[in-house]
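Residue numbers (the working numbering), protein chains in the order written: chain A, 48 to 139; chain B, 136 to 372. Think of the CB as a built atom: it goes at the ideal place given N, C-alpha and C, for glycine as much as any other residue.
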Amino acid sequence: MSSRRSRSRQSSSGRITDQQIDDLMSKLQSLLHEARLGSHDRASAAKVLQDTCSYIRSLHREVDDLSERLSELLDAAGVSSDQAACIRSLFM
Amino acid sequence: LGFPLRNNPFPSIDYRPLQNLSHFSLSWIEFGEAIWSGWRSRWFVRFVMAISNAERETAAAKEGGGERKRKRGAEKPLAKWRTQGEQKTYSSKLVEALRRVRRSSPAASTDHSRSRAIRAVADRALALAARGQTRWSRAILSGRTLKLRVRALARAGGPKSLGGVATVFASRPAEKTKPQALERKARVLGRLVPGCRKLPLATILEEASDYIAALEMQVRAMSTIANILSAAGSQPM
């Protein structure tokens, strides 16, 4: 895969150690969860992984609930073209 | 699919390319496979250029160039999920798909089947928004096509269709020094993110970050649409 942005950074000076990768990634994860963890000190990698898993699960559940809600709403009334324009204009 | 855009927020931007999506919206599967077969394919390039360029520039200008300069590398791809342009693109696709779902199941079939259809459609739209740059998005697009077949294959042992491509980049040596508990959690995470089983930990984490950011955008977009629909429902236009 050719990546336009340097996503997989293979350092030319030598392979990046696993430890370095873990540190960078843990920081990345913590940034994503800063709203949830509050001001926790960066815990162990296990905790980060655990939190990530539960966060993804909760997001999945939220998407499922929203799907349910949307299906009920679709039942009542379809998405008219007016509403479609309204939705788009809302994201100004 | 002609939306009369009376309140065009960006008068200088031509929304007609959006309506060209009607070609693609006829078959998500074909479009997904077009991406799968080659990101540089004609359709994919046209899709990207037509949809994202104008809106992205506007959105990027809003976000501020400073943010791009400061946060380089890994964070730059994540910020894209928070731009208004992305959310707009995704919402438009979702709305079109929702209309199709409604048309295809007029008599209220059981809520579960329809909500599952909506979930599938939302996930596929999300994967398309990723523009084929992440494994999870490619897995979703290919997974939906082969859903029935892959299930049987997976039980037989070895989802070659998904795993075969996913392991192309798993060329890093195995981590022997990791404790078992960490490995186990990493595997769990790999199962949660589509298309990330049996990948090295670093890759899984990278995919998971992007996946989480994308999911957050999905939740925002879907809840907004739901709010609009429920509000509009109480006041029939």
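So, at 6 Å on beta carbons, what are the nonlocal neighbours of residue 261 of chain B in its own chain, with the 5 sequence-adjacent residues on each side left out? 349, 353
In the structure shown, what three-state DSSP assignment does residue 265 of chain B receive? coil
Exposed or buried, residue 314 of chain B, counting other C-beta atoms within 10 Å across all chains shown (16 or more means buried)? When all chains shown are included, residue 314 of chain B counts as exposed.
Residues that residue 320 of chain B contacts on chain A, provided the C-beta gap is smaller than 8 Å: Per Cβ cutoff of 8 Å: 93, 96, 97, 100.
On a Cα-Cα basis, can you pick out the residue from B:358, B:366, B:361, B:351 that is closest to residue 373 of chain B? It is not possible to answer for residue 373 of chain B, since the shown part of chain B is limited to 136 through 372.
With 16 other CB atoms within 10 Å as the buried threshold, where does residue 231 of chain B fall? Residue 231 of chain B comes out buried.
Below 8 Å, can you find three or more Cβ-Cβ pairs linking the stretch 91-99 of chain A to the stretch 223-239 of chain B? no
Residues in the stretch 339-363 of chain B having any Cβ partner in chain A nearer than 8 Å: Within the stretch 339-363 of chain B, the qualifying residues are 340, 341, 343, 344, 346, 347, 348, 350, 351, 353, 354, 357, 358, 359, 360, 361, 363.
Boundaries (first-last residue) of the alpha helix (DSSP H) holding residue 77 of chain A: 65-79
What are the residues of the stretch 101-125 of chain A that lie near chain B, defined by any Cβ-Cβ distance shorter than 8 Å? 102, 103, 104, 106, 107, 109, 110, 111, 113, 114, 115, 116, 117, 118, 119, 120, 121, 122, 123, 124, 125
Can you list the residues of chain A that residue 253 of chain B reaches, using a CB-CB cut of under 9 Å? What residue 253 of chain B touches in chain A, judged by beta-carbon distance under 9 Å, is 113, 114, 115, 117, 118, 121, going in chain order.
What residues of chain A sit near residue 272 of chain B, judged by a beta carbon separation below 9 Å? In chain order: nothing, as chain A lies at least about 12 Å away.
Within 8 Å, do at least three Cβ pairs link the stretch 103-118 of chain A to the stretch 219-227 of chain B? no
Rounded to the nearest angstrom, how far is the Cβ of residue 358 of chain B from that of residue 113 of chain A, given a contact under 8 Å? 6 Å
So what's residue 328 of chain B in DSSP terms, helix, strand or just coil? coil
Just to check my reading of the structure: residue 271 of chain B and residue 328 of chain B have Cβ atoms closer than 8 Å, yes? What is that Cβ distance to the nearest angstrom? 5 Å
Taking Cβ-Cβ distances shorter than 7 Å, what residues in chain A pair up with residue 365 of chain B? 120
So the alpha helix (DSSP H) residue 226 of chain B belongs to, where does it begin and stop? Counting along the chain, the unbroken alpha helix (DSSP H) around residue 226 of chain B starts and ends at 219-239.
Contact belief for residue 75 of chain A with residue 344 of chain B at Cβ below 8 Å, rounded distance in angstroms: With a beta-carbon spacing of about 5 Å, residue 75 of chain A and residue 344 of chain B fall inside the 8 Å limit used to define contacts.
What residue from B:273, B:337, B:317, B:365 has the CA that sits closest to residue 67 of chain A's CA? B:337
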